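Residue numbers (UniProt numbering), protein chains in the order written: chain A, 1 to 730; chain B, 1 to 730. Beta carbons are placed, not taken as given, at the ideal position from N, Cα and C, and that holds for glycine. Model, not experiment: these values are computed from the prediction.
There are 2 protein chains.
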Amino acid sequence: MAGSGSVDKDGPGSQSNFDVDYVIHYTIPPTETAEAEASFTQLIEALASAGFATEVRNGHKSSLLVFVKLASDRLLKSQVYRTRVQDWLYGVRAEAPAPPPDHDGKDLDEYYAHAEPVTEAERLRLAYLLITKPRNEGGAGITPRIGQWRFVKSVFPLHDRAFNRRWIKQWSTKYYLDDGDINLIRDRFGERVAFYFAFLQSYFAFLLFPAAFGFAAWLVLGQFSWFYAAVNCLWSVVFFEHWKMKEVDLAVQWGFKFERESVDPVTGEIVKVYSPYKRLARQLLQVPFAAACVVVLGGLIVSCFAIEIFITEVYNGPFKQYLTFLPTILLTVFMPTFTALLTNLAERLTEMENYETHDAHQASFVQKVFVLNFITSYLGIFLTAFVYVPFGKILVPYLDVFQLTAQRFTAEGKPLPTKSWQINPNRLTKQVIYFTVTAQVVNFATEVIVPYAKRKVFKTVEKVQSERSEKTMDQVKDSPEETEFLRRVMDEAELDEYDVTIDYREMVIQFGYLSLFSVVWPLTACSFLVNNWVEARSDAMKIAANSQRPIPWRADSIGPWLNALGFLSWLGSITSAALVYLFHACKDRADGSPWDIRGWALLLSILFAEHVYLVVQFVVRGIVRKLDSPGLQKEKAERFAMRKQLLERMAERDVSEETTGPGMSGGEKITREALEEETRRFWAVGGGRPEQLFWQRQRGAAETIQVGRSLIAEVSLPRDSKPSMGMLTL
Amino acid sequence: MAGSGSVDKDGPGSQSNFDVDYVIHYTIPPTETAEAEASFTQLIEALASAGFATEVRNGHKSSLLVFVKLASDRLLKSQVYRTRVQDWLYGVRAEAPAPPPDHDGKDLDEYYAHAEPVTEAERLRLAYLLITKPRNEGGAGITPRIGQWRFVKSVFPLHDRAFNRRWIKQWSTKYYLDDGDINLIRDRFGERVAFYFAFLQSYFAFLLFPAAFGFAAWLVLGQFSWFYAAVNCLWSVVFFEHWKMKEVDLAVQWGFKFERESVDPVTGEIVKVYSPYKRLARQLLQVPFAAACVVVLGGLIVSCFAIEIFITEVYNGPFKQYLTFLPTILLTVFMPTFTALLTNLAERLTEMENYETHDAHQASFVQKVFVLNFITSYLGIFLTAFVYVPFGKILVPYLDVFQLTAQRFTAEGKPLPTKSWQINPNRLTKQVIYFTVTAQVVNFATEVIVPYAKRKVFKTVEKVQSERSEKTMDQVKDSPEETEFLRRVMDEAELDEYDVTIDYREMVIQFGYLSLFSVVWPLTACSFLVNNWVEARSDAMKIAANSQRPIPWRADSIGPWLNALGFLSWLGSITSAALVYLFHACKDRADGSPWDIRGWALLLSILFAEHVYLVVQFVVRGIVRKLDSPGLQKEKAERFAMRKQLLERMAERDVSEETTGPGMSGGEKITREALEEETRRFWAVGGGRPEQLFWQRQRGAAETIQVGRSLIAEVSLPRDSKPSMGMLTL
């Protein structure tokens, strides 16, 4: 493994991981010690029989830390070989596999002499698979938190402190991440995490253009420029198609590519047999789910929106300065609650759909979560742009309902003081700026600073608590050189698991702002460019310091988020066209007086923009598909080489065969003996079938040539002198 | 081969093909006899060295007929084996190939004992490949009509008369073609032709629904019903998605499936290296090409349309009864000329684009041809529906331009008599009925009856001509039993090659009428149902009697036409919505008085219909994708079985390994000797690394369990009495 590099002043335990592959955090509920003890014995036995060495130490608060490592190098090697062959069988790898080694195992070592090295990620992945695979497949069959293993709270690998420190240090002093940086992530944290960073890097690089162009557009064109909208849409198409290509390229470069019909990576077989019709019926529940999201979240947002407009723009009575915060408070209280509730429901629905593979499950879940996030992120802006501004004059008078409600509670029942209302055309711009700048900063804070602070506070509290039992703890300390290490492991055991989905969601939603609304404020991309530079580093920080080391799963794409990106890019063509049409005339009128919105013109611009988008997408897709990527070229070359080799082997066979085949000088040579033999056989069969007779006219190629030449000669001769060459041979 | 079944009264030559695989039609231009002779010698030598037996006979009008058959059964078998292995290498076949046979060839026979039988199509395809493949790959390298082989007019297999007779007879007495019929076609004419018939059969079966529903709609709903339009669109989506599925299914059932990145089937290697950027630049020429099509054909159609309206609906002067035919005459004269010109241009453009594979070339060509056909087939109806009816009142007065032109040529220069004009609302219906009924009948006539009649006339003329030289010909006749056969071969040599593209085009364009305009006349599908029953039989007739037997190429889909179908299906959602909106109010007004067309309402209905279509398509696609087809299930099962077998073999290895691996009772057993040995080593290294120390605390699983259990016991014990169990092992 790693980490033995620099041993610093904190002693060996603070840097070295003692070759530990995984830590199993084993809790012992005081009420179930007997069961926990029995289960613990089974745990160690299962691990040992799967080929792990184990050590156990005392952990925090009634828990044990079981340290696990692959006992022998041979086991690792055999596992690596096995997975690679399996990959090849499932079409995941292109290379021809070495022939399976004999039972003496000598070939295994030979295989390793030529094979690619085993990365840390591969080792950890295989170890994890070995821990979790069913026992009949050679694993230990440990499924955390489920059934027999309910005391196993988590199974996690340990952070490599030295690497993490170097990693963060390097990234925070670097302007631009390159492929080498991504490959480093892949070797340490697996393809799933690496794919996220590759996406982030690609997105960041692509943002440079809209940031520069957006800045220029902001200076020259201003808001709501159709030219900006067109360029922005084109950019989003190019980015999307480029990423689709890049994704496949990375998967191929990283040496494997899942088949679409991929099976459960844990078991290697399709386990759950489930009627597709039944699943289909359950999937139909997505429709009421989406409806529920719209009603619950949409209702909340619309209400808050209406209240906010009433209070800030219509209401002019007492407590106005406090009441302004009412919608914010309502949103802050209810939104997380509702979102959590609906996310929970989404998870349950997805479980009911009972997918065969983890990937399919995840895809379905992400789809539902995306609906949720779409509403919470974009509905506010949609309301301002497409309801408040065009229909404000009609709808705002209805907000009197608040006034009437409020009047009931006031003593006198006299009308509340209001001010004359008119549409605030800057509202949209302000909102977009809020979401693209303020919200990103807030998000950064909640994602990185809050957990860090929380952990600090938590630890201080714990320290105070444990100081009382310090004396008793002291004697439990296993050995002085492990103290530091065990303290660190306990800390890591308390951390959250890293969920890459959350980071993807954030980026996809961000892409949505750019694609859907950046025509309102062309500086959007500049803000995102800065944000994403920080984002990449803060996500790295999050992995390195704020979460358990992720299990290095493989992945061949960013998965279901790709569809979300495509959807947002397409929707952007519609919203941009609509925004440009609705607001391009408005921007010059500071008073917000309504202008003449023509329904057919609005619809025509949407229709036109959308179809131009579809055509452009079709063309860009065609172009991108034709440009070979380096990874695909490499794969093609590899496949081609393999095929060529095998075919050449076959060709050799053919050559040796051809010498005995028919030919000019070969088997059909006309000799007197052969002719006599032929005649004898001919009469023996009794005249022969007509087919035989036909092919016996001209014996061999030489005769055919002879006859043919005389037939050709006839053409140049005058008709009358033609000899009957056809009869020549009978 | 075949045909030796029933020898009828005409003698053996009229039924038997004398085991001929291919006929090479070799022309001898009287001016180039010397070159022709030299080339002929090379031809026969090349064929012989590739393993063919040859016979030559005199043909029509200064030409030779070279008969070719695979000389040995062993050559065929080795070719079959070779292709199957190649298929497997290219991922075309799923089955694990038998291990390549040794050089003694005994395995080949063994392989055949278990392998699937060789169909006639496979034999013919391999023979053709062997004739055309380059010499360095073991073929004869004969490329008809090109360079060295410019005298080779064609290379074609012979029709199996007996089979053809049975085939046509069977189909003409059958209501419905089933999979067995399609498989028969596949075995005889290869997958490319079989795919066409499979598509036709599938389309025919699917037409039953819109025919029945359309009839009901015609009775109950009448024209321009939104309900009919919605059902029709839904049907086209279901049909399209079903066919996409069926296509893959068939490819898999037929035992192979091309990779998307397929290479030239003729050479097996990518031959043409060509910059994709250069190709892209040339592909951009498609834009001016499409523009040219629109201008040339569109201009012609618009002009004829305008003239027709002027003459039939405005003009009322002399010669009206003759002038009515003017637009028809103009179209009949210019349309085929222009189309031929543009098709030629399309072919040249496609050649300039210089594709790597025949498939890619064909796809690009079909795309261009589709643009042509789209204009010639649908533009007329589009003009009536979306220009003439809504804008007729505005545009028709401009038709006075014809009047003014005509006035110049009349003596007196007095205005031509006209009648008062009003929109003819039945024009659209009449036009749709014309295209869906009359045009189909006309098409049938030009496709089947005309070539047949032409051939009859041609033959009679030829007979008269050759009767004069009968006496001289008589002595050239090779042998009496071959006379009939040779006459037949000469006839077949004169036939056209069968081009499946033309038949596909017809069906796709037909599907377009149904999808785009059937809302105008709901009986459309009924007409097509009848037409397609005949079409399948007439296409069979065309293959059997009116063209050379097609070379049995493989195919894994209907190719580029799939995109055309998808496009038409999508466009149907737009035109149907527009037609319903524009005409639903009109149908009740016989006088054609204009009604209030609102732009926004028209656009809204289009926008709405299109997006409903896209959502429905998304859903249907999702559903269809989830329903496994029998072919895919079979393939999955096969792949799974293969993998399982191989993995089990590996698992056996593992079991034998595990017994020597670590475990409860295995290698880590603690014995006094082992401990002593360990201690000796420990001190020898100089205290050992911390990592070693860490893993030496608990020696083996048994000790870990022991320590763990005591740690668990601590939890239930009071804090003070805890023993330090961690130290137990040092």
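Contact check for A:Y128 and A:I551: beta-carbon distance about 5 angstroms, within the 8 angstroms limit, so the pair qualifies. Residue range 561 to 583 is occupied by the alpha helix (DSSP H) that includes A:N563. Neighbours of B:Q698 in chain A, taken as residues whose beta carbon is under 8 angstroms from its own, are T54, E55, V56 in chain order. Within chain A, no residue has its beta carbon less than 9 angstroms from that of B:E241; the closest one is some 15 angstroms off. Under the Cβ distance rule, A:S573 does not count among the residues neighbouring chain B, no pair being separated by less than 8 angstroms. Annotation: the continuous alpha helix (DSSP H) that includes B:V220 extends over 179 to 220. A residue is called buried when at least 16 other Cβ atoms come within 10 angstroms of its Cβ; A:F227 does not meet this threshold and is exposed.
For the stretch 9 to 39 of chain B, the residues whose beta carbon sits under 7 angstroms from a beta carbon of chain A are, in order, P12, S16, F18, D19, I28, P30, T33, A36, E37.
The beta carbon of A:S569 is closer than 7 angstroms to those of S236, V237, F240, S515 in its chain, skipping five residues each way along the sequence. Straight-line spacing of the CA atoms in B:I28 and B:A38 works out to 11 angstroms.
The beta-carbon of A:R282 is placed no less than 8 angstroms from the nearest beta-carbon of chain B. Chain-ordered listing is empty here: chain B has no CB closer than 9 angstroms to the CB of A:E120, the nearest sitting near 15 angstroms. Between A:L250 and A:F206, the C-beta gap is not smaller than 8 angstroms, which leaves the two residues out of contact.
The beta carbons of B:P144 and B:V366 sit no closer together than 8 angstroms. Of the residues assessed, A:F319 falls on the exposed side of the cut-off, its CB having fewer than 16 other CB atoms within 10 angstroms.
B:N58 carries a strand assignment under DSSP once its states are collapsed to helix, strand and coil. Taking the CA atoms as reference points, A:R487 sits about 17 angstroms from B:L711. B:L428 places its beta carbon less than 8 angstroms from that of B:T384.
B:V369 places its beta carbon 8 angstroms or farther from that of B:A340. In the three-state reduction of the DSSP assignment, B:Y355 falls in the coil class, being assigned neither a helical nor a strand state. Taking the Cα of B:A701 as reference, the smallest distance to any Cα among A:D21, A:K430, A:A48 is reached at A:A48. Selection A:R697, A:G147, A:P210 evaluated against A:A36 yields A:G147 as nearest (Cα-Cα).
With the rule of 3 Cβ pairs closer than 8 angstroms, the stretch 437 to 454 of chain A does not count as touching the stretch 384 to 393 of chain A. Under the DSSP assignment, A:I24 falls in the beta strand (DSSP E) whose first and last residues are 22 to 27.
Around A:V707, the beta-carbon contacts reaching into chain B at under 9 angstroms are E55, V56, R57. In this structure, the beta-carbon distance from A:L297 to A:F325 does not fall below 8 angstroms. At a cut-off of 8 angstroms between beta carbons, A:K626 contacts chain B. When CB distances to chain A are screened at a threshold of 9 angstroms, not a single residue of the stretch 343 to 359 of chain B falls below it. Remark: C-beta atoms of B:K393 and B:I423 approach each other more closely than 8 angstroms. By the neighbour-count criterion, in which 16 or more other beta carbons inside 10 Å mark a residue as buried, A:P397 falls on the exposed side.
Residue state for B:S479 is assigned as coil, using DSSP reduced to three classes. Bridge pairing for A:V715: absent [DSSP]. In this structure, A:L349 is the residue among A:L300, A:L349, A:S527 with its C-alpha nearest to the C-alpha of A:V287. With its beta carbon at least 8 angstroms from every one in chain B, A:E308 lies outside the interface. Of the candidates B:D73, B:Q42, B:L43, B:F40, B:D73 places its Cα closest to the Cα of B:D19. B:Y452 carries a helical assignment under DSSP once its states are collapsed to helix, strand and coil.
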